[in-house]
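Working notes, structure below.
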Amino acid sequence: MPTIPQQRPTSPDVIIIGGGVIGLSIAWDLAGQGASVRVLEQGQFGQEASWAGAGILPPGNPEWARTPEARLRAASHVLWTDWTERLRAETGIDNGYSRCGGLEIRANGAASELDAEVAAWRVEGVIVETPDLDELRDRFPALHPNITSGYVLPELGQVRNPRHLKALFAACASRGVDLRAGNPVVAFDRDGDRITAARTTGEEHHAAEFVV
C-alpha cells in the first residue's frame, strides 16, 4: 500500500509504531476524535502478522468474562459488526466479516477430550453446541473417518484480513492520518519514563503521545 502524501503537522498529537490491524485501528479511531496521527511502519502496511493471520475471531460474553484476555475478546466480539459497518460506510470496502460459526474437532481420541474446552466456554457464557458423533457426521459429511468428537461455536466469526487491512488503510487516509511506510523505528528518546521522540533512519519524530 502506498504512502499517502498530505499536508500534516510537523509534530502530530499521537505517533503509532506499527501499521498492522491494531495500529491502523487505533489511528482511525483517534483521527475520528480529532487527533492528528502519524503511523510509522517498518515495512509495508499490513504485510506481516496481520496479513498472515487466518482472521478467526473467537466469541465472548462481556457479562461473564473474568480474565483480561476473556474481557478483551468479549469486547471485540461485540464491536465487530458495528466496526465493519462503519468501515464499509466510510470506504465502500467490504471486509468480509461474518459470524459463520466454527467447528472444533478431535481425531483418534476419547470423546471426552474436548470436555474441558466445552466447560471453559460455558463458564464464560458462550453458546456451545455438543452434537454426538452421528449428528456431527450428519451436519458435516466431509469429516474424516478418524474424527471422534467435536463441538460447535455458532457465534465464532471470521474476517478477510487483506480486505480488512485495505479498508482500514483507506479509512485512515480519508481522515488525514500520516501513513509512513518503510520507516523502522531504531531508538526512542526519553524524559524519565516518558517517550518524547521516535528515531527512524535519518529522522526524528516528536509527538505528545506514543502508542508502541
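For what it's worth, this note's numbering labels the leading residue of the sequence shown as 4, then goes sequentially.
Heads up, the beta-carbon is just placed ideally off N, CA and C, and yes, glycines get one too.
Since we're looking at a predicted model, the values are computed, not measured.
Check                                                                                                                                                               : Outcome
Run through DSSP, which three-state label would S28 get?                                                                                                            : helix
So, at 7 Å on beta carbons, what are the nonlocal neighbours of Q10 in its own chain, with the 5 sequence-adjacent residues on each side left out?                  : Here the model assigns Q10 a pLDDT of 48, short of 50, so the residue's position is not dependable and the matter cannot be decided.
Tell me, please, which residues DSSP counts as bridged to S152.                                                                                                     : R109
Within 10 angstroms of its Cβ, does D181 collect 16 or more other Cβ (buried), or is it exposed?                                                                    : buried
What are the start and end residues of the alpha helix (DSSP H) that includes T94?                                                                                  : P71 to T94
Go through its chain and collect everything with a Cβ distance to T203's Cβ below 7 Å, but skip five positions before and after it.                                 : L43, N186, P187, V188 and V189
Give me the Cβ distance between N164 and G56, rounded to the nearest whole Å; I'm assuming they're in contact under 8 Å.                                            : 6 Å
Helix, strand or coil for V215 per DSSP?                                                                                                                            : coil
Kindly provide the ranges of any alpha helix (DSSP H) runs that are 4 or more residues long and lie completely inside the segment 132–207, ordered along the chain. : 136–142 and 164–177
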